[in-house]
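Worksheet: one structure, shown below.
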Ligand SMILES: [Zn+2]
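In this note's numbering, the protein residues as written are 29 to 639.
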């Protein structure tokens with residue numbers, strides 16, 4: 029079955045890309061754009077930068093030490109999308125593989141001399157994931173043989189000893205290769221890599237061992253910490269190992285780390301990572317909007333982890349976080365034209381800037397999206413995720429089908445064939461129509477934000493449903509329907525007061541979408557905007573897109589020589605607080621598509637007495 033994650037046990041089973049067909053709609057449109065534009069865009073840049081040429085032996089070698097992994101993630105995207113460019117690119121990669129399976133364009137000749145920073149096993153991890161995708165969508169070919177030879181080489185070289193890699197991903201890749209081939213050595217190698225980390229297994233680095241989660245063993249950690257992508261990829265591998273080996277303690281450990289991280293270390297968008305230094309998680313409640321890191325890859329890694337935990341436990345909270353992160357990080361990571369990408373996803377941008385026309389440093393501060401980066405992990409990660417986004421739509425349980433994410437699609441399971449019709453996330457009606465009948469339960473997820481949802485069936489029942497899963501069980505016949513109505517009124521959202529950086533601010537959400545104010549062109553600047561929470565949020569349709577408007581105060585303070593003083597700097601008094609003005613709010617994922625702009629999700633609350 030075609031799916032990136034296929035556990036052999038768990039409360040839920042994934043429905044593969046062959047069982048879930050997404051049609052035009054929010055995610056269907058993005059998957060089509062990805063297949064038609066983004067995949068070719070990535071390949072062009074990998075040629076232009078010489079990263080593919082490295083596999084042809086071109087010298088000097090170009091790109092960072094981990095650039096091979098971008099070609100592998102692109103191959104994975106091509107595999108899910110059944111893209112015609114895959115065979116030739118796979119041949120190019122295969123020709124660079126050495127006789128014993130070793131394959132790396134940077135370290136050939138000096139193998140495994142820098143496990144902390146070398147990324148050799150990391151690169152194999154992405155190669156193996158590409159191979160698994162190809163095995164599940166096509167069957168054995170050059171790409172799958174290359175991946176299996178690399179995995180066998182890793183098992184021979186690393187099965188004994190204490191070594192592991194500075195950047196996790198090999199763990200979950202090997203478990204998936206075990207799942208598709210049945211070869212136990214891959215699972216055992218993954219289990220050992222997870223168990224070794226934190227003993228410690230790696231050398232000292234200037235960022236400290238927590239950077240690559242080598243400070244404490246996985247099962248003893250309290251929260252995700254250090255480099256966010258590393259931490260989340262490791263957690264994915266740990267869940268995969270736990271599920272396949274029946275290690276309940278390890279699964280529980282990751283669940284409790286997820287809980288604490290979601291409660292204290294996650295941005296409103298679902299983004300993870302607070303610090304530019306080390307691209308890392310911050311301390312609890314350290315969530316600055318303007319300096320948020322929230323790397324696109326960390327959002328993707330969190331979505332991958334959510335799916336694994338959902339499958340293992342059946343708990344709707346994991347699908348809830350996946351929904352938030354899909355709509356507000358993954359969808360933000362790529363421009364509406366599919367040709368530029370964000371690496372960092374701050375929740376406030378102070379300085380407008382043009383989209384660059386060439387490659388930029390990944391250390392760019394998170395202004396406009398860019399066509400390519402010196403470290404270009406995010407574009408290829410977006411490409412492989414959008415190519416397999418149908419994997420998140422539905423799952424099956426012992427008694428039927430669960431629909432976890434809403435987008436127009438057709439879902440087949442057992443004898444049942446269902447069509448999901450919806451304008452989500454713009455409208456809150458999700459209509460599930462039975463095309464081919466059968467017995468069983470059809471369940472729909474009611475998101476945690478849905479305070480008043482109703483479920484109506486064509487058999488005449490209508491009832492209020494609470495967050496979690498709601499559904500009905502019967503012998504379904506063609507034409508039967510279930511209709512979920514979700515409340516799409518925009519809502520004001522307040523931060524926990526322990527998040528210092530957000531104190532005195534509010535945000536606006538509607539359905540699964542976080543909204544932001546954006547100022548492009550000659551629109552009034554946002555530096556001194558303030559709002560009155562609780563005031564009206566008016567919807568304005570722009571095509572199918574729903575924008576919002578609320579009343580705001582736009583301040584205009586005089587320049588000051590010293591930005592501190594002996595009296596509170598309120599909105600009353602001498603700060604030139606203007607009369608009420610209309611403030612337009614757009615979905616956060618659409619920001620930065622109208623030219624240079626400033627942006628903010630969190631809006632200061634005006635100190636003026638409300639009228
Ligand atoms: Zn990235």
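The C-beta atom is built at its ideal place from N, Cα and C for all residues, glycine as well.
Have a look at the DSSP bridge pairing and note the partners of residue 483.
491, 512
Name, in chain order, the residues that DSSP records as bridge partners for residue 447.
438, 461
Between residue 377 and residue 394, how many whole angstroms is the CB-CB distance? I'm expecting something under 8 Å.
About 7 Å; that satisfies the 8 Å criterion.
Which one or two residues does DSSP pair with residue 472 in a beta bridge?
Secondary-structure assignment with DSSP links residue 472 through a beta bridge to 431, 498.
How about residue 546 and residue 625: are their beta carbons less than 8 Å apart?
Going by C-beta atoms, residue 546 is nearer than 8 Å to residue 625.
How about residue 324: is its Cβ closer than 7 Å to a heavy atom in ligand 1?
Yes, ligand 1 has a heavy atom inside 7 Å of this Cβ.
Do residue 78 and residue 71 count as a contact pair if the criterion is CB distance below 8 Å?
no
Whole angstroms is fine: what's the gap from residue 475's alpha carbon to residue 511's?
15 Å
For residue 316, collect the residues of the same chain with a Cβ closer than 7 Å to its Cβ; drop the 5 residues on either side in sequence, then sort them by chain order.
Around residue 316: 302, 529.
Which term fits residue 147, buried or exposed, when burial requires 16 or more other beta carbons within 10 angstroms of its beta carbon?
buried
Taking only three categories from DSSP, how would you classify residue 296?
coil
Taking only heavy atoms of ligand 1 into account, decide whether any of them is closer than 7 Å to the Cβ of residue 70.
no
Just to confirm, is the Cβ distance from residue 34 to residue 424 under 8 Å?
no
Do you know offhand how far residue 370's Cα is from residue 214's?
34 Å
What's the C-alpha gap between residue 196 and residue 227?
15 Å
Report yes if the CB atom of residue 549 is closer than 8 Å to the CB atom of residue 397, and no otherwise.
Taking 8 Å as the Cβ cut-off, residue 549 and residue 397 do not qualify as a contacting pair.
What is the DSSP secondary structure of residue 55, counted as helix, strand or coil?
Note: residue 55 maps to helix in three-state DSSP.
What number of angstroms, rounded off, separates the C-alpha of residue 101 from the C-alpha of residue 597?
For the pair residue 101 and residue 597, the Cα-to-Cα distance works out to about 50 Å.
Once DSSP output is grouped into helix, strand and coil, what is the label at residue 67?
helix
Considering residue 176, what are the terminal residues of the alpha helix (DSSP H) in which it resides?
170-186
Straight-line CA distance for residue 43 to residue 31?
7 Å
For the 8 Å Cβ check, are there 3 or more pairs between the stretch 112-126 and the stretch 414-424?
no
Check whether the stretch 426-445 touches the stretch 453-472, taking contact to mean three or more Cβ pairs, one atom from each stretch, closer than 8 Å.
yes
Is the separation between the beta-carbon of residue 434 and that of residue 455 shorter than 8 Å?
In this structure, residue 455 does not lie closer than 8 Å to residue 434 by Cβ.
I want to check one thing, is the minimum distance from the CB of residue 321 to the heavy atoms of ligand 1 below 7 Å?
no
If residue 339 and residue 153 are in contact, beta carbons under 8 Å, what's the gap, nearest whole angstrom?
Actually they do not touch by this definition, with Cβ atoms about 20 Å apart.
Rounded to whole angstroms, what is the Cα-Cα separation between residue 240 and residue 571?
Cα-Cα distance, rounded: 45 Å.
In this structure, how does DSSP classify residue 99 when only helix, strand and coil are distinguished?
helix
Hey, could you find the ends of the alpha helix (DSSP H) residue 334 is sitting in?
324-341
Leaving out the 5 sequence neighbours to the left and right, which residues in its chain are closer than 6 Å to residue 155 when beta-carbon positions are compared?
100, 175, 178
Less than 8 Å separating the beta-carbons of residue 7 and residue 281?
For the chain, the structure presents residues 29 to 639; residue 7 sits outside this window and is missing.
Can you give the Cα-Cα distance for residue 605 and residue 577, rounded to whole angstroms?
A caution first: residue 605 carries a pLDDT of 47, below 50, which makes its placement in the model unreliable, though a value can still be read off. Roughly 19 Å between the two C-alpha positions.
For a quick check, are the C-beta atoms of residue 94 and residue 121 less than 8 Å apart?
Taking 8 Å as the Cβ cut-off, residue 94 and residue 121 do not qualify as a contacting pair.
Since residue 257 contacts residue 314 with CB under 8 Å, what's their CB separation in whole angstroms?
Wrong, their Cβ atoms sit about 18 Å apart, outside the cutoff.
Could you please give me the residues that DSSP links to residue 543 through a beta bridge?
DSSP links residue 543 through a beta bridge to 615.
Count the other C-beta atoms from every protein chain shown that fall within 10 angstroms of the C-beta of residue 193, then say buried if there are 16 or more, exposed otherwise.
buried
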